[in-house]
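Residue numbers (UniProt numbering): 1 to 224. Using N, Cα and C, we set each Cβ at its ideal position, and we do this for glycine too. Here the structure is a predicted model, which is why all the values come from computation and not from measurement. As structure tokens, the structure follows; a few thoughts come after it.
Shown next, in the form of structure tokens:
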């Protein structure tokens, strides 16, 4: 009986050695419990090998949710502004002052009709400043014009509104005479310095004559 117990103990011991040598601590955790059995007052030690399953450590991986905040660009839509276009008034307004002045000038001009009489001023000019009048009459040889009705009459320079050939009776500071308008001048006329210019042989004679003011003019004929 004792031999059998020894054999059992030897087998158990060898088994324990084999278990110890073949156990890989990295793979399994081993817990050995010694169990004592009494056979005929002899203690038999029996080791129970309890394999403890490794505890799997489960790591909870909590993925952080990335909160992506999208910056939304606020599109600011500008409402188109209505452009107010002011239309310029291009209407030409006729100046009343010009009209009034022209009317005044026209009203200042005497009526050139047969029998009309008006008062004005008269200066002189010499025939030595030119050879022909504005109407084309040669003045190099005489200060008179031979009219088919009134005979020899004095040559006058007048306003350009007076037709050439108009016969005017003049009452001036040198007396009364008949003249004919066949010339014009820049400073002569109803809008000029003097109403009429009287032709003289020379400019010196004209200067000596000077100006005849408050001279009366009577229209005897209009044109030729």
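In DSSP terms, what residue 132 is bridged to | One-based indexing of the chain shown puts residue 132 at position 132. In DSSP, residue 132 forms a bridge with 138.
In angstroms with no decimal places, state the Cα-to-Cα distance between residue 205 and residue 115.
-> Here residue 205 is taken as the residue at index 205 of the chain shown, counted from 1. Here residue 115 is taken as the residue at index 115 of the chain shown, counted from 1. Approximately 31 angstroms, taken between the alpha carbons.
Grab the span of the beta strand (DSSP E) containing residue 200 for me, first residue to last.
-> Taking the chain shown and counting its residues from 1, the one referred to as residue 200 is at position 200. Taken as a continuous stretch (DSSP letters only), the beta strand (DSSP E) holding residue 200 covers 196 to 200.
C-alpha distance - residue 141 paired with residue 125, whole-angstrom precision = Indexing the chain shown from 1 puts residue 141 at position 141. Indexing the chain shown from 1 puts residue 125 at position 125. In a straight line, the C-alpha of residue 141 is about 15 angstroms away from that of residue 125.
What's the call for residue 145, buried or exposed, on a 16-neighbour Cβ count within 10 Å?
-> Along the chain shown, one-based indexing puts residue 145 at 145. Flag for residue 145 reads buried.
Do you know offhand how far residue 172's Cα is from residue 122's?
-> Here residue 172 refers to the residue found at position 172 when the chain shown is read from its first residue. Here residue 122 refers to the residue found at position 122 when the chain shown is read from its first residue. When rounded, the distance between both Cα atoms is 8 angstroms.
Compute the beta-carbon to beta-carbon distance between residue 170 and residue 217, rounded to the nearest angstrom, for a pair I have assumed lies under 8 angstroms.
-> On the chain shown, position 170 is the one that residue 170 refers to. On the chain shown, position 217 is the one that residue 217 refers to. The Cβ separation is near 6 angstroms, so the contact holds.
From the DSSP output, read off the bridge partner residues of residue 147.
-> Residue numbering aside, residue 147 sits at position 147 when the chain shown is read from its first letter. According to DSSP, which records beta bridges pairwise, residue 147 is partnered with 151.
Same chain only: Cβ atoms within 8 angstroms of residue 268, ignoring 5 sequence neighbours per side = The first residue shown for the chain is 1 and the last is 224, placing residue 268 beyond what the model contains.
Reference residue 174; option with closest CA among 223, 211, 120, 224 = Locating residue 174 in the chain shown gives position 174, counting from the first residue. The candidate whose alpha carbon is nearest that of residue 174 is 211.
At which residues does the alpha helix (DSSP H) containing residue 209 begin and terminate?
-> Along the chain shown, one-based indexing puts residue 209 at 209. Run containing residue 209: 203 to 209, per the alpha helix (DSSP H) assignment.
Give me the Cα-Cα distance between residue 188 and residue 159, rounded to the nearest whole angstrom.
-> Taking the chain shown and counting its residues from 1, the one referred to as residue 188 is at position 188. Taking the chain shown and counting its residues from 1, the one referred to as residue 159 is at position 159. Cα to Cα, residue 188 sits roughly 6 angstroms from residue 159.
Would DSSP call residue 262 helix, strand or coil?
-> Here the chain covers residues 1 to 224 and nothing more, so residue 262 does not appear.
Beta bridge counterpart(s) of residue 220 as assigned by DSSP = Here residue 220 refers to the residue found at position 220 when the chain shown is read from its first residue. Note: residue 220 sits in no beta bridge, so no partner.
From 155, 178, 150, residue whose alpha carbon lies closest to that of residue 139 | What you label residue 139 is simply residue 139 of the chain shown in a count that begins at 1. Answer by Cα proximity: 155.
For residue 185, which residues of its own chain have a beta-carbon under 6 angstroms away from its beta-carbon, when the five flanking residues on both sides are left out?
-> Here residue 185 corresponds to residue number 185 of the chain shown, with the count starting at 1. Excluding residues within five positions, the ones whose Cβ falls inside 6 angstroms are 157, 197.
Beta carbon of residue 109 nearer than 8 angstroms to that of residue 190 | Translated into the one-based positions of the chain shown, residue 109 becomes position 109. Translated into the one-based positions of the chain shown, residue 190 becomes position 190. In contact: residue 109 and residue 190 (Cβ atoms closer than 8 angstroms).
Could you name the residues that DSSP lists as bridge partners for residue 172?
-> In the chain shown, the residue the question calls residue 172 occupies position 172. Looking at the DSSP assignment, residue 172 forms a beta bridge with 175.
Would you check if the distance between the CB atom of residue 183 and the CB atom of residue 134 is smaller than 8 angstroms?
-> Sequence index remark: in the chain shown, residue 183 carries index 183 (1-based). Sequence index remark: in the chain shown, residue 134 carries index 134 (1-based). Yes.
On a CA-only basis, which of 166, 221, 179, 162 is nearest residue 152? Give me that one, please.
-> Counted from its first residue, the chain shown places residue 152 at position 152. Cα-wise, what sits closest to residue 152 is 179.
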